[in-house]
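Trainee:
Residue numbers (this note's numbering), protein chains in the order written: chain R, 2 to 215; chain V, 9 to 233; chain U, 7 to 215.
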């Protein structure tokens, strides 16, 4: 059994890599959404809202299956990692968009007028007035979303491995082992992910207290 | 040739089977939600106790389900325990157990939050006019807590419905599994079966969850003002 | 108040402002000359703040003209980012940027928007802070200051942009009586030094000075 530990360590590093990429792309998508929303174009706004509702009201698993298996219709065959990153970013993007939007809306209109009265253009307003103030509201939410995405990434990993193991179901001996290995995988994930999750949750709680002064 | 994809859905028994699968998914979801709400509320009352030890264990239980992904819990009950205890548990039963335990934990936290956020003077003025504990809860605290609980529980219900997509991983014949079977048996005839079937499942989840989340938002707006 | 010159800084002709169905301002004509101090006094809700805010474009007008130094700034092609640099505004709620300390609040506009040399602005800022008696607070954050102090900083911040005219929108309305005095003193000194000002207020004592 100890032979599989290096394999699991590799899996864990892969999970972290995927999650990090997913989180970064989600934040980028979130920023993009808010920039597009600020144009106040009716059609754009409807599209963005449609995207947000669509990705928040459907399970990640189905999104991934659709991406991985469904897109072969168009002759697109994506690797598992690419699928995972796209799926995570698609889902995470809408959550990050909401997190950033909460921050931006928390900035008072009066502050914006204050910036305007100094002669700021839209970009200067965003950079010097809105963004610094929005960040303190958005960061706890972004942190919570990051934890959420990390958990979902580990689920993606587990599913991918299980799918692979289903292929070898025909051989009974290996089949027996697969359950054992799977159990080991779970335990392994727990030993590493659990402390990380707890740490992140504590960090998130502390950020929230700092924000609300509770 | 182009249309055979979407027609696959209506071919033969397919639609009936998909709906059967949907029924199973719905069964798991609604039973879990229903029981979770009732037992979860009681858990919430327990959780809001002043006793530190009780609170600690309640908190521990809650965090276990928050930190460990639900899929992992499903595997623990489906693969782990049977191995340890040498028994067999049916996938659907596993799903129900896990979802209900999760639901109780989260509902309890929402209920506790609502109860604790009620202004203290409500409690005090109730006691001042001579209500005992049960009457206090029934006439004053619970109706007000209800408003704070409802949006959160609808949000939880939506999340639980989305998570039912995972039960295919523990061998339940839910809508996802049936979809996969249809795809598998048709993959040679209809190359884009995956697109339409998964697309359909995607759509089904959406039309269930979207109205719920919209409703929760409306309630939140109405009651927060 | 003696007119320093006949140069008209602001001219308003036949200004109309409509909010939905209501015509809030109708046919307003006003001119302010260089060095002149105009005080607009009236009860709340009569539209005086609205009039002031049309001058730097925070409110749009439906009819009429606003001329700054003889140039029409109220038509749709105006570049407000340039115009607003010539018009200093002080708000009722001070509206300092909470994430910046005093000196950064003051330096932001001149250095980042007007692209002036930082050291030159620093000298001007410190001089003005000295004049309002807050030179020792230049590294403080707005949350550490009292209302009167914040308002004086807000005035300095607007002045460092070297505006041609200063607008004051009910600037003492949020202040306790003791603090009103210190702010009034600054405004008075500013008027004496020849700054063109347009002041909107509901308080008699401000007008009396």
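The beta-carbon is built from N, C-alpha and C at its ideal position, and this holds for glycine as well. Every value quoted in this text rests on a predicted model; they were computed, and no experiment measured them.
1. Give me the Cα-Cα distance between residue 25 (chain V) and residue 195 (chain R), rounded to the nearest whole angstrom.
2. In terms of residues, what are the limits of the alpha helix (DSSP H) holding residue 135 (chain V)?
3. Residue 106 (chain R) CB to nearest chain U CB: under 8 Å?
4. In the DSSP output, which residue or residues are listed as bridge partners for residue 94 (chain U)?
5. Helix, strand or coil: how does DSSP classify residue 117 (chain V) here?
6. For residue 119 (chain U), decide whether its Cβ has a neighbour in chain R, counting only Cβ atoms nearer than 8 Å.
7. Could I get the ranges of all uninterrupted beta strand (DSSP E) runs contained in the segment 10-61 of chain U, with 3 residues as the minimum, in chain order?
8. At a Cβ threshold of 8 Å, is residue 170 (chain V) touching chain R?
9. Against residue 59 (chain R), what residues of chain V qualify as contacts under a CB-to-CB distance less than 8 Å, listed in chain order?
10. Could you tell me the alpha carbon to alpha carbon distance between residue 30 (chain V) and residue 179 (chain V), rounded to whole angstroms?
11. Whole-angstrom Cβ separation of residue 54 (chain U) and residue 186 (chain U), contact assumed at under 8 Å?
12. Count the other CB atoms within 10 Å of the CB of residue 174 (chain R); is the residue buried (16 or more) or exposed (fewer)?
13. Any heavy atom of the ligand PLP closer than 7 Å to the Cβ of residue 169 (chain V)?
14. Quick check on residue 181 (chain V): does DSSP put it in helix, strand or coil?
15. Compute the distance between the beta-carbons of residue 148 (chain V) and residue 138 (chain V), then report whether it is under 8 Å.
16. Rounded to whole angstroms, how far is the Cβ of residue 170 (chain U) from the Cβ of residue 202 (chain U), which I believe are closer than 8 Å?
17. Contact criterion: CB-CB distance below 8 Å. Does residue 169 (chain R) meet it with respect to chain V?
18. Among V:206, V:169, V:189, whose alpha-carbon lies nearest the alpha-carbon of residue 41 (chain V)?
19. Helix, strand or coil for residue 154 (chain R)? Go by DSSP, reduced to three states.
20. Verify the CB distance criterion: does residue 25 (chain U) have a CB-CB separation below 8 Å to chain R?
21. Can the beta-carbon of residue 117 (chain R) be found less than 8 Å from the beta-carbon of residue 74 (chain U)?
22. Provide the residue span of the alpha helix (DSSP H) that contains residue 161 (chain V), from first to last.
23. Note down, in chain order, each residue of its chain lying with its Cβ closer than 8 Å to the Cβ of residue 86 (chain R), except the 5 sequence neighbours on either side.
24. Measure the beta-carbon distance from residue 101 (chain U) to residue 115 (chain R) and round it to whole angstroms, keeping in mind my assumption that it falls under 8 Å.
25. Applying the criterion that 16 or more other CB atoms from any shown protein chain within 10 Å of the CB defines a buried residue, is residue 172 (chain R) buried or exposed?
26. List, in order along the chain, the chain U residues whose C-beta lies closer than 7 Å to that of residue 133 (chain R)?
27. To the nearest angstrom, how far is the alpha carbon of residue 82 (chain V) from that of residue 199 (chain R)?
28. When you compare each of V:73, V:128, V:94, V:64 to residue 111 (chain V) by their alpha carbons, which one comes out closest?
29. Within the same chain, show all residues whose beta-carbon is closer than 6 Å to that of residue 35 (chain V), passing over the 5 residues directly before and after it, in chain order.
30. Starting from residue 49 (chain R), find everything on chain V with Cβ-Cβ shorter than 7 Å and list it in chain order.
31. Answer with yes or no whether the minimum CB distance from residue 121 (chain R) to chain U is below 8 Å.
32. On the DSSP bridge list, what partners appear for residue 109 (chain V)?
33. In the DSSP assignment, find the alpha helix (DSSP H) that holds residue 65 (chain U) and state where it starts and stops.
34. In the DSSP assignment, what are the bridge partners of residue 124 (chain V)?
35. Which runs of the alpha helix (DSSP H) spanning at least 4 residues fall entirely within the segment 135-207 of chain U, listed in chain order?
36. Name the chain R residues that come within less than 9 Å of residue 127 (chain V), Cβ to Cβ?
Mentor: The short version:
1. 39 Å
2. 128-136
3. no
4. U:172
5. helix
6. yes
7. 14-25, 28-39, 43-47
8. yes
9. 170, 210, 213, 214, 217
10. 15 Å
11. Not confirmed; about 18 Å, so no contact.
12. Below a pLDDT of 50, predicted positions are generally treated as unreliable, and residue 174 (chain R), at 43, falls in that range; no measurement from the model is reported.
13. Ligands in the displayed structure: none, and consequently the ligand PLP is not present.
14. coil
15. no
16. 6 Å
17. Model confidence at residue 169 (chain R) stands at a pLDDT of 41, short of 50, so the residue's coordinates are unreliable; what they give is reported in the following sentence. Chain V contact via Cβ: absent.
18. V:169
19. helix
20. no
21. no
22. 150-171
23. 19, 22, 23, 26
24. 4 Å
25. Only weak support is given to the placement of residue 172 (chain R): the predicted model assigns it a pLDDT of 40, under 50, and the question is left unresolved by the model.
26. 105
27. 21 Å
28. V:73
29. none
30. Near residue 49 (chain R) there are no residues of chain V at all, since even the closest Cβ is about 16 Å away, more than 7 Å.
31. yes
32. DSSP output for residue 109 (chain V) lists no bridge partner at all.
33. Note, residue 65 (chain U): premise wrong, no alpha helix (DSSP H); not H, not E.
34. DSSP, once it has assigned bridges, lists no residue as partnering residue 124 (chain V).
35. 153-165, 183-198
36. Those within 9 Å of residue 127 (chain V) in chain R number zero; the least Cβ separation is about 16 Å.
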